[in-house]
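J.: Going letter by letter, the sequence shown gives residues 2 to 356 in the numbering used here.
Built from N, CA and C at the ideal position, the CB exists for glycine as well.
Starting off with a structure, shown below.
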Amino acid sequence: MKCLSKIAVVAGVCLFATSLASVVVGQRADAPRALPSGRANQIVADNCLVALVEERNVPAEEAGVLVKVNVKEGDRVAAFKRRIPQLTPRALDPKGTVYPEDEIVPLAEVDKSLPLLQRQVAAKEYEKAIDNAENPVSIEYARKQRDVAQANFEKGAEANSKQRGAISQMEMVQRKLEWDAGELRIQQAEHDQKQAVLDANVKAAELANAEQAMNHRDIHSPIDGVVVQLYVHQGEWVRPGDPVFRIINLKKLRVQASLNTAECDPKSVRGREVRVTTTITDRDGNPRDVSMPGRVVFVNPEIKSGGRFAVWAEVENQQTPDGEYVLWPGMKASMVVDLNSTPKINENANLRRAE
């Protein structure tokens, strides 16, 4: 009887231990989540981290005093693509400007007093070179001289044909020499004009260089984004390469998740569509969920302990009615990976394979 009681107690302990182990296993962070019916081909990841895709420390390109700062922290700025000046004979206006630039206000400006003078000098020299290159007077005058010398020689030849020895042989040689010299003067004038065109091209390059020196003192953002930090302030000295602003782009963000090989094969999530959900507070202080689509852009091939691997998805950030972005870097969100969606192939990866 005592033996049967002991067996019953042991059996009860084993059953309790088995149940407890099942509960513990069910609560593991890396265990697959139970999905509702109809979502068997979806992977859910919680506590995902929202991070930046694009951020830049915008530097100064030239040394000098920062004479003007046009933005402050929190201002939204647009990307600027600098154009290389293309100079033509009609590129100058009376003030010596290379051409009318688009009205884009730079983030900040470095002192331009010296390069401004250099550009004005280069503009005048370029204008002078263009005038010389387009001046046809030398060639026309050489042709007139040639025509006169030719006519003089032909008249002498005609006189000698009517009366032998009317014009001496030495005089005819001299007239022929003047005619030939006229032809050579034309060639020399044409050569000089070609050199003038080359000189104008050199002056155009010098003017373009002066214009670039001016442009490089305007500090622009290479990306769309928001100014979040100023490293240098108006009146301070900057050197080439010194960061002046930090810009972050909130239009497109990265959502970093950690998945488990027990849930899915890492290759099966590459390029799949995702839906990212986060909770925000509206103007009335009420929390509400906001979802937005995205796509997996990176699957880390390194499997960590416990079968964990990193997955990155990119989403186009949404904006609230008052223009604020919903997702901010550092926020937490949940992400659902749709394994039924058509994966999008990385075009850059295809290019590398083709090479």
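1. Using the Cα positions of residue 221 and residue 295, report the straight-line distance between them to the nearest angstrom.
2. Excluding the 5 residues flanking residue 160 on each side, which residues of the same chain have their C-beta closer than 8 Å to its C-beta?
3. At which residue ranges does the region 187 to 274 contain complete alpha helix (DSSP H) runs of 4 or more residues, listed in the order of the chain?
4. Enumerate in chain order the residues of its own chain whose CB-to-CB distance from residue 328 is below 6 Å, with the five nearest sequence positions on each side excluded.
5. With a threshold of 6 Å on Cβ separation, who are the neighbours of residue 356 within its own chain once the five nearest residues in sequence on each side are excluded?
6. Between residue 346 and residue 70, what straight-line distance do the alpha-carbon atoms span, to the nearest angstrom?
7. How would you write the range of the beta strand (DSSP E) that residue 119 sits in, first residue to last?
8. Can you grab the Cα-Cα spacing for the pair residue 190 / residue 143, in whole Å?
9. Whose CA, out of 231, 310, 274, 339, lies closest to the CA of residue 109?
10. What distance in whole Å lies between the Cβ atoms of residue 312 and residue 258, which are believed to be in contact at a cut-off of 8 Å?
11. Would you kindly work out how many angstroms separate the C-alpha atoms of residue 207 and residue 123, rounded to a whole number?
12. Take residue 219 and list the residues in its own chain whose beta-carbon comes closer than 7 Å to its own, dropping the five residues that flank it on each side.
13. Alpha carbon to alpha carbon, how far is residue 67 from residue 238? Give it in angstroms, no decimals.
14. Residue 326: which of 250, 342, 243, 128 sits nearest, CA to CA?
15. Near residue 130, which residues of its chain fall below 6 Å by C-beta distance, leaving aside the five closest residues on each side in sequence?
16. Does DSSP classify residue 51 as helix, strand or coil?
17. At the level of alpha carbons, what is the spacing between residue 171 and residue 158?
18. Once DSSP output is grouped into helix, strand and coil, what is the label at residue 304?
19. Report the residue from 260, 75, 187, 118 whose alpha carbon sits nearest the alpha carbon of residue 337.
20. Using CA coordinates, which residue listed in 155, 57, 289, 152 is at the minimum distance from residue 243?
21. Once the 5 residues before and after residue 76 are set aside, which same chain residues still bring their CB inside 8 Å of it?
22. Return the chain-ordered list of same chain residues with a C-beta closer than 8 Å to the C-beta of residue 187, the five sequence neighbours on each side being excluded.
23. With which residues is residue 295 paired in a DSSP beta bridge?
24. Using three-state DSSP, classify residue 77 as helix, strand or coil.
25. Following the continuous alpha helix (DSSP H) through residue 161, name the residue where it begins and the one where it ends.
26. So what does DSSP say about residue 371, is it helix, strand or coil?
27. Measure the beta-carbon distance from residue 45 to residue 269 and round it to whole angstroms, keeping in mind my assumption that it falls under 8 Å.
28. Residue range of the beta strand (DSSP E) that residue 284 falls in?
29. Let me know the secondary structure DSSP gives residue 56 once reduced to three states.
30. Whole angstroms are fine: how far does the CA of residue 309 sit from the CA of residue 303?
31. With distances taken Cα to Cα, identify the nearest neighbour of residue 256 among 165, 63, 297, 163.
32. Report the rounded CA-to-CA distance for residue 195 versus residue 246, giving the unit in angstroms.
33. At the level of alpha carbons, what is the spacing between residue 341 and residue 113?
34. Report the three-state DSSP secondary structure of residue 24 (helix, strand or coil).
35. Applying the 10 Å Cβ sphere with the 16-neighbour rule, what's the burial state of residue 209?
36. Is DSSP giving residue 340 helix, strand or coil here?
T.: Inspection of the coordinates gives the following:
1. Answer to the nearest angstrom: the Cα atoms are 30 Å apart.
2. 167, 168
3. 267 to 270
4. 51, 254, 318
5. Residue confidence is low: residue 356 scores 43 on pLDDT, short of 50, so the model does not pin down where it sits. Its coordinate-derived value is still stated next. So the list is empty, once near-sequence residues are dropped.
6. 43 Å
7. First-last for residue 119: 114 to 135, but that is the alpha helix (DSSP H), not the beta strand (DSSP E).
8. 7 Å
9. The residue with the shortest Cα to Cα distance from residue 109 is 231.
10. 5 Å
11. 6 Å
12. Residues of the same chain with a CB within less than 7 Å of the CB of residue 219, apart from the 5 flanking positions on each side, are 107, 110 in chain order.
13. 6 Å
14. 250
15. 200, 201, 204
16. Correct three-state label for residue 51: strand.
17. Straight-line Cα distance between these residues: approximately 12 Å.
18. coil
19. Minimum Cα distance to residue 337 is reached at 260.
20. 57
21. These residues qualify, in order along the chain: 227, 228.
22. 140, 143, 144, 147
23. 275, 316
24. strand
25. Membership of residue 161 in the alpha helix (DSSP H) is indicated by the continuous run 138 to 163.
26. What the structure shows of the chain is the stretch from 2 to 356, and residue 371 is not part of that stretch, so it cannot be assessed.
27. Contact doesn't hold; Cβ gap of about 15 Å is too wide.
28. That residue, residue 284, is in no beta strand (DSSP E); it is neither H nor E in DSSP.
29. strand
30. 9 Å
31. 297
32. 48 Å
33. Here the alpha carbons of residue 113 and residue 341 stand approximately 58 Å from one another.
34. Its pLDDT being 37, under 50, residue 24 is placed unreliably in this model, and the value from its coordinates should be taken loosely. In this structure, residue 24 counts as helix in the three-state DSSP scheme.
35. buried
36. coil
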